[in-house]
């Protein structure tokens, strides 16, 4: 099948590109390269260069609609985003331009191309707002009251997906992702505490924990997330599905585990908490299990060791 992956040179997107190509599909990647990196696509180019095309384009650019229409994909995977909560707090208009207007252009391109479906990366860590502790892990029917502009933008995109389905019959699945981590995540770019810790631990630099470190996150491994995207090609039409583990891990616990794995005894530093970030977060993945047959397969210790090994391999000999 012909596919388009927006944000395909990024962390999650490049892993999805690898999987799609390995399964025999043709892939067009659209990426502005703000946070994406062409190096992430090199393994795919070497193995499947004849079925991979790259388009250096911002999703806010009006020509995106024409590109998608011309390429006529069967399925569009939309992962391109401004993904930093802190940036959304500091620059909410910019965040909306990328995440709302850009996403609308993707949908409009898919509609005009006659695409069968769009599969979109939503944000399970922000669209539900600040759930009460007794609501964790959060299910898809939890009220959506986001507390950051990034979360608001993702909620709006989900609403537009329902609208495009009702008006134009464009099928969709929105995947509400937990905190995704894994190889290729940029420790100096968009948010990703596992990558940040890995880069600093292996460089002998101190790690900083914002707040008291008792805030929790639901960490889900990138290969498991990619599996959910691929399964959504045929299942989950018209649905928002949580993609997480349902397990809360504190940032303190994460640091202690990764420091031990890296052989570092130095404690983390603490700094004031950051605006717009949640105190606790975890997603119930039961519905994705029922609808997609999906389940997270990679435990956190295994996944973080894989990240540390990947970072070691990238260091100069």
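In this note's numbering, the protein residues as written are 1109 to 1425. Cβ coordinates follow ideal geometry from the N, Cα and C atoms, glycine included.
CB-CB length for residue i against residue j, believed under 8 angstroms
| i | j | result |
| --- | --- | --- |
| residue 1245 | residue 1392 | 4 angstroms |
| residue 1309 | residue 1206 | Between residue 1206 and residue 1309 the Cβ distance is about 31 angstroms, and since that is not below 8 angstroms, they are no contact. |
| residue 1350 | residue 1395 | 7 angstroms |
| residue 1176 | residue 1183 | That belief does not hold up - the Cβ atoms of residue 1176 and residue 1183 are roughly 11 angstroms apart, past 8 angstroms. |
| residue 1235 | residue 1284 | 6 angstroms |
Nearest-angstrom Cα separation, counted from residue j out to residue i
| i | j | result |
| --- | --- | --- |
| residue 1412 | residue 1382 | 24 angstroms |
| residue 1279 | residue 1324 | 34 angstroms |
| residue 1320 | residue 1135 | 43 angstroms |
| residue 1143 | residue 1397 | 31 angstroms |
| residue 1145 | residue 1117 | 5 angstroms |
| residue 1049 | residue 1196 | Residue 1049 is absent from the structure shown; the chain starts at 1109 and stops at 1425. |
| residue 1311 | residue 1274 | 51 angstroms |
| residue 1110 | residue 1163 | 15 angstroms |
| residue 1194 | residue 1327 | 19 angstroms |
| residue 1198 | residue 1255 | 13 angstroms |
| residue 1248 | residue 1365 | 30 angstroms |
| residue 1112 | residue 1251 | 32 angstroms |
| residue 1289 | residue 1416 | 11 angstroms |
| residue 1363 | residue 1242 | 25 angstroms |
Host alpha helix (DSSP H) of residue i (start-end)
| i | result |
| --- | --- |
| residue 1122 | 1119-1130 |
| residue 1377 | Per DSSP, residue 1377 belongs to no alpha helix (DSSP H); it is in the beta strand (DSSP E), 1377-1379. |
| residue 1317 | From DSSP, residue 1317 is part of no alpha helix (DSSP H) but of the beta strand (DSSP E) over 1316-1318. |
| residue 1365 | 1359-1370 |
| residue 1310 | 1301-1311 |
| residue 1204 | 1200-1204 |
| residue 1373 | No alpha helix (DSSP H) contains residue 1373, which DSSP labels as neither H nor E. |
| residue 1155 | 1150-1156 |
For residue i, the residue or residues it bridges with in DSSP
| i | result |
| --- | --- |
| residue 1412 | Residue 1412 is not bridged to any residue. |
| residue 1284 | 1230, 1350 |
| residue 1225 | 1183, 1279 |
| residue 1161 | 1136 |
| residue 1327 | 1287 |
| residue 1391 | 1246 |
Endpoints, beta strand (DSSP E) assigned at residue i
| i | result |
| --- | --- |
| residue 1112 | 1110-1114 |
| residue 1382 | Taken as a continuous stretch (DSSP letters only), residue 1382 belongs to no beta strand (DSSP E), as it is neither H nor E. |
Proximity test, residue i beta-carbon vs the ligand SAH heavy atom, cut-off 7 angstroms
| i | result |
| --- | --- |
| residue 1347 | Because no ligand of any kind appears in the structure shown, any question about the ligand SAH cannot be addressed here. |
- Taking three-plus beta-carbon pairs below 8 angstroms as touching, is the region 1367-1385 in contact with the region 1339-1357? No, they do not touch.
- the region 1114-1126 in contact with the region 1320-1339 per 3-pair CB rule at 8 angstroms: yes
- Query: Taking contact to mean at least 3 C-beta pairs separated by less than 8 angstroms, is the region 1300-1307 in contact with the region 1227-1245?
  - Reply: no
- Message: Assess contact between the region 1267-1274 and the region 1208-1221, defined as three or more Cβ pairs (one per stretch) separated by less than 8 angstroms. Is contact present?
- Response: With a cut-off of 8 angstroms, the region 1208-1221 and the region 1267-1274 count as touching, because enough Cβ pairs lie within range.
- Item | Meets three-Cβ-pair contact criterion under 8 angstroms: the region 1137-1149 and the region 1187-1195 | Below 8 angstroms, enough C-beta pairs join the region 1137-1149 and the region 1187-1195 to call them touching: three or more.
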